[in-house]
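Engineer: Heads up, the sequence shown is in my numbering, so the first residue is 1 and it goes up one at a time.
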Amino acid sequence: MGDFEIFLAILTVTLLGFVIYNVITVMTLRDLLRRFGFFKTARRDFYECGFRPQTQKPVRLPVQFLLICVFFLLYDIELIFLFPLVSSSTFLVFHDFFLLILFFLLFVISLVVDFNRHALT
Numbered sequence: 001m002g003d004f005e006i007f008l009a010i011l012t013v014t015l016l017g018f019v020i021y022n023v024i025t026v027m028t029l030r031d032l033l034r035r036f037g038f039f040k041t042a043r044r045d046f047y048e049c050g051f052r053p054q055t056q057k058p059v060r061l062p063v064q065f066l067l068i069c070v071f072f073l074l075y076d077i078e079l080i081f082l083f084p085l086v087s088s089s090t091f092l093v094f095h096d097f098f099l100l101i102l103f104f105l106l107f108v109i110s111l112v113v114d115f116n117r118h119a120l121t
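(1) Beta-carbon within less than 7 Å of Leu66's beta-carbon, same chain only, minus the 5 sequence neighbours each way: which residues are those?
(2) Out of Ile101, Cys69, Leu111, Arg30, which one is the CA nearest neighbour of Leu82?
(3) If distances are taken between C-alpha atoms only, which option among Tyr75, Phe97, Ser88 comes closest to Leu111?
(4) Could you tell me which of Glu78, Ile20, Val93, Leu92 sits nearest to Leu106, measuring between CA atoms?
(5) Give me the Cα-Cα distance between Leu85 and Phe72, rounded to the nearest whole angstrom.
(6) When you compare only the Cα positions, how much space is there between Arg34 and Pro62?
(7) In the DSSP assignment, find the alpha helix (DSSP H) that holds His95 and state where it starts and stops.
(8) Please state whether DSSP places Gly2 in a helix, a strand or coil.
(9) Can you grab the Cα-Cα spacing for the pair Ile109 / Ile68, in whole Å?
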């Protein structure tokens, strides 16, 4: 390929990425602002500490939703800890394999405990 074809490929991918990113950002930002009520005029009014406006209703989330969020964050962080281990897989020794097996064992045990407590359903 010549220089012009490479430039054209990079330019088209960049423009396509820019357009897709902006479309997704505009659509999700407007939806999030509307969902959490930032377009309401009552949100823009300030009030003193301890006093709530009578027209504003509190946001209530079920405990099941909060548990799923906490478990998602917990298991997501556990999987992030595995990235350095995977990237250095050619330099692993027995000690590293032992730590990997221990890590996965704790991960599976926590999943079993969560499943038995019916926290994942």
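From the three backbone atoms N, C-alpha and C, an ideal C-beta is built for every residue, glycine too.
Structural biologist: From the atom records:
(1) Reading the sequence shown from its first residue, position 66 is the one you call residue 66. Around Leu66: no qualifying Cβ.
(2) Taking the first residue of the sequence shown as 1, we reach residue 82 at position 82. It is Ile101 whose Cα lies nearest to the Cα of Leu82.
(3) Residue 111 sits at position 111 when you count from the first residue of the sequence shown. Comparing Cα-Cα distances from Leu111 to each of Tyr75, Phe97, Ser88, the minimum goes to Tyr75.
(4) Working through the sequence shown from its first residue, we reach residue 106 at position 106. It is Glu78 whose Cα lies nearest to the Cα of Leu106.
(5) Start at 1 with the first residue of the sequence shown, and residue 85 comes out as number 85. Start at 1 with the first residue of the sequence shown, and residue 72 comes out as number 72. Their backbone Cα atoms lie some 21 Å apart in a straight line.
(6) Looking up residue 34 in the sequence shown gives position 34. Looking up residue 62 in the sequence shown gives position 62. Distance between the alpha carbons of Arg34 and Pro62 is about 21 Å.
(7) To locate residue 95, count along the sequence shown from 1; it is residue 95. Run containing His95: 94-116, per the alpha helix (DSSP H) assignment.
(8) Taking the first residue of the sequence shown as 1, we reach residue 2 at position 2. The answer is coil: DSSP assigns Gly2 none of H, G, I, E or B.
(9) Start at 1 with the first residue of the sequence shown, and residue 109 comes out as number 109. Start at 1 with the first residue of the sequence shown, and residue 68 comes out as number 68. Each residue's alpha carbon lies about 17 Å from the other.
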